[in-house]
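Using this note's numbering, you'd call the opening residue of the sequence shown number -5 and step up by one each time.
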Amino acid sequence: MSRLIVALDCENALEIAKKIADYVYAFKVNYPLVLKKGLSIIEELSDISKVIADFKIADVPHISSQIAECAFNAGANAVIVHAFVGSDTLSSVVRLSKNYDGEVYAVCELSSEGGKEFMMPISEKLAELAVKTGCSGIVAPATRVERIKTLRKIVGNLKIISPGVGAQGGKALEALKAGADYVIVGRRIIKGDALKNIKEVIKEMEGLYGN
Ligand code: BMP
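Below, the structure written as structure tokens:
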């Protein structure tokens, strides 16, 4: 089974999705795409594959669960929530997700440089919170694989999905070896020939199974 989540951060998302669907575990959609195309893009993509709605939800509980509800009603299989908002919001989104058999991933530490400033010092606590509130998994940075190793020890068998591969400098194989279940890849695949690119990324990941 594929361990690739492709971030469709581009306007021709549907066209690309159709070309590479056989090679992905899920597609991730983000604000720019949904703000441009509407929630119907989630519906269209959900006919092709699993969809993770990356709205990085970060509001008070009753609003956060409404955002998640919009995503699930449109056909998303999972939503991404910020963990720093605390246990009430996380619990309310997790509760809502159960009505849809949906998954909730909590962001513990962004892959960007800024992720080191405020998130990294508390990301282990955020991971504990994700476990405590019943999240399906967490988001942890492929740009700092030692962080994946540390967070894996905290979250046990929750899923870890890991962005920052390719354009941000992270390596898929290293992130998976460090304990990520899936890597999230955007520009490295969607810029240029997506089919050719995804095959190259899969080749880069092969060492995991080869030895
Ligand atoms: P790219 O591979 O092109 O850098 O895209 C990464 C994707 O992962 C983007 O959709 C971004 O929103 C998301 N992401 C990230 O880069 N770092 C994080 O810590 C969390 C994310 O969701």
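Don't be surprised by glycine CBs; every beta carbon is placed ideally from N, CA and C.
Given this structure, state the Cα-to-Cα distance separating residue i from residue j, to the nearest angstrom.
i: V45; j: N151; result: 21 Å
i: V177; j: V159; result: 7 Å
i: L8; j: V18; result: 14 Å
i: T83; j: E198; result: 38 Å
i: E97; j: E107; result: 27 Å
i: K12; j: F21; result: 11 Å
i: Q162; j: E103; result: 15 Å
i: Y99; j: I132; result: 5 Å
i: L120; j: A77; result: 6 Å
i: I36; j: L2; result: 11 Å
i: R(-3); j: G164; result: 15 Å
i: E200; j: I154; result: 19 Å
With distances taken Cα to Cα, identify the nearest neighbour of residue i among the options.
i: R141; options: K171, C64, S58, I57; result: K171
i: N24; options: A161, E168, E118, I51; result: I51
i: A70; options: G80, D95, S81; result: D95
i: N67; options: L33, V54, Y99; result: L33
i: D41; options: A15, H56, V28, P26; result: A15
i: I192; options: P135, A166, V139; result: A166
i: P135; options: V0, I148, V101; result: V101
i: A60; options: E37, I74, V87, E118; result: Per the sequence shown, the amino acid found at residue 60 is Gln instead of Ala. Taking only the C-alpha atoms, the option nearest Q60 is V87.
i: G173; options: K92, T144, K30, I74; result: T144
i: S58; options: V139, I154, T137, R89; result: R89
i: E168; options: E38, K30, V139; result: V139
i: V73; options: D48, S43, V54; result: D48
i: C129; options: M113, T137, V75, D175; result: V75
May I ask whether a heavy atom of the ligand BMP can be found less than 6 Å away from the beta carbon of residue i?
i: R138; result: no
i: G160; result: yes
i: P55; result: no
i: S105; result: yes
i: G177; result: Per the sequence shown, residue 177 should be read as Val rather than Gly. No, Cβ of V177 sits at least 6 Å from all heavy atoms of the ligand BMP.
i: N191; result: no
i: A24; result: Per the sequence presented here, residue 24 reads as Asn, with Ala not at that position. Checking every heavy atom of the ligand BMP against the Cβ of N24, one is found closer than 6 Å.
i: P115; result: no
i: V133; result: yes
- Message: With a threshold of 8 Å, are at least 3 pairs of Cβ atoms found where one atom belongs to the region 181 to 191 and the other to the region 120 to 131?
- Response: no
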